[in-house]
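Working notes, structure below.
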Amino acid sequence: EDQVTQSPEALRLQEGESSSLNCSYTVSGLRGLFWYRQDPGKGPEFLFTLYSAGEEKEKERLKATLTKKESFLHITAPKPEDSATYLCAVLPPSWGKLQFGAGTQVVVTP
Amino acid sequence: DSGVTQTPKHLITATGQRVTLRCSPRSGDLSVYWYQQSLDQGLQFLIHYYNGEERAKGNILERFSAQQFPDLHSELNLSSLELGDSALYFCASSGRDFTGELFFGEGSRLTVL
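Taken in sequence, the protein lines are chains H and D.
Just remember that the working numbering sits 455 ahead of the position in the first sequence, which is counted from 1.
Heads up: the second sequence at position 58 corresponds to 56 in the working numbering, and the numbers run straight through without jumps.
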């Protein structure tokens, strides 16, 4: 079965301390990899779509990259408002079933 | 605000009961997806509708059913409820048929006692 694995499970950062989150996948024939942000008690919020290895997308302090086996979400100089759970998801060739990873919970302290 | 509306926001009911969760997609979106999120399972895909037609099914229990109506709103029906059905149920919509760019509602939190 297709697998999406995120690491670490949790990350505690000081404000300004840059770090990276990892999303590895075993889906072959990927039709897209997606990053979402989820705040407690809220629905996930779409951030980025990546389609092919080497592709990069940026939004404020977030930058997502994609290789053939994994994706990274880099958080540069994070602020407390970046605290959230970050989810990655993959869309396999079979369509219809966007498969989410378990997420990385990020806490940024002042 | 994603533009996706879910009701009710919270629901407490007893085992064996039946509930209906409702979702109104973003204006113009033809696709509706239902997901279940629990602490131990993460976000699990249940079902996808596009313009009233079922497009894909995940590990949706036989006790659960859904439909999308002509006005594009969708309902998720959960019956013979068990304690393990307690979870957040999210609806999402998108403007295209098969895509990973989904817009999620705030969710319906179901507690089964």
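Built from N, CA and C at the ideal position, the CB exists for glycine as well.
Span of the beta strand (DSSP E), counted from its first residue to its last, around residue i
i, result
"D:Ser63", "62 to 66"
"D:Gln34", "29 to 36"
"D:Ile10", "8 to 11"
"D:Leu70", "It is not in any beta strand (DSSP E) - D:Leu70 carries neither H nor E in the DSSP assignment."
"H:Thr520", "517 to 521"
"D:Gly50", "Looking at the DSSP string, D:Gly50 is not in any beta strand (DSSP E), and its letter there is neither H nor E."
"H:Thr564", "559 to 564"
"D:Gln4", "3 to 5"
"D:Leu100", "First-last for D:Leu100: undefined, no H or E at that position."
"D:Ala85", "85 to 92"
"H:Ala544", "539 to 545"
"D:Ser22", "17 to 22"
"H:Glu500", "500 to 505"
"H:Ala465", "465 to 469"
"H:Ser483", "Taken as a continuous stretch (DSSP letters only), H:Ser483 belongs to no beta strand (DSSP E), as it is neither H nor E."
"H:Thr531", "Where H:Thr531 is concerned, there is no enclosing beta strand (DSSP E), given that its DSSP letter is neither H nor E."
"D:Glu80", "Neither: D:Glu80 is in no beta strand (DSSP E) and is coded neither H nor E."
"H:Gln461", "459 to 462"
"H:Lys512", "511 to 514"
Exposure of residue i, with buried meaning 16 or more beta-carbon neighbours within 10 Å
i, result
"H:Leu517", "buried"
"H:Gly471", "exposed"
"D:Gln66", "buried"
"H:Tyr506", "exposed"
"D:Arg24", "buried"
"D:Tyr19", "Here the sequence assigns Leu to residue 19 of chain D, which means Tyr is not the residue at that position. Buried, because 16 or more other Cβ atoms sit within 10 Å of the Cβ of D:Leu19."
"H:Gly496", "exposed"
"H:Gln469", "exposed"
"H:Thr559", "buried"
"D:Ser72", "buried"
"H:Pro535", "exposed"
Cβ distance (whole Å) where residue i is taken to contact residue j below 8 Å
i, j, result
"D:Gly105", "D:Thr3", "That belief does not hold up - the Cβ atoms of D:Gly105 and D:Thr3 are roughly 11 Å apart, past 8 Å."
"D:Gly56", "D:Gln42", "6 Å"
"D:Arg61", "D:Ser77", "5 Å"
"H:Ser479", "H:Thr460", "5 Å"
"H:Pro548", "H:Gly509", "So it is not a contact: roughly 20 Å between Cβ atoms."
Residue i versus residue j - alpha carbon distance
i, j, result
"D:Phe96", "H:Gly556", "19 Å"
"D:Leu9", "D:Arg107", "6 Å"
"D:Gly1", "D:Tyr31", "14 Å"
"H:Thr564", "H:Ser526", "25 Å"
"H:Leu553", "D:Ser92", "12 Å"
"H:Glu511", "H:Gly487", "13 Å"
"H:Val562", "D:Leu86", "22 Å"
"D:Val110", "D:Gly14", "9 Å"
"H:Phe489", "H:Val545", "6 Å"
"H:Ser473", "D:Leu28", "39 Å"
Residue i CB to nearest heavy atom of the ligand SAM below 7 Å
i, result
"D:Lys55", "With respect to the ligand SAM, the structure shown offers nothing to examine, as it has no ligands at all."
CA nearest to the CA of residue i, picked from the options
i, options, result
"H:Ile530", "H:Glu511, H:Trp490, H:Leu476", "H:Leu476"
"D:Ala90", "D:Ala54, D:Ser72, D:Leu70, D:Leu100", "D:Leu100"
"H:Cys543", "H:Leu502, H:Glu511, H:Thr522", "H:Leu502"
"D:Leu81", "D:Ala12, D:Asp(-1), D:Lys7", "D:Ala12"
"H:Tyr541", "D:Glu51, D:Ala64, D:Gly40, D:Tyr33", "D:Gly40"
"D:Gly26", "D:Leu44, D:Leu79, D:Asn49", "D:Asn49"
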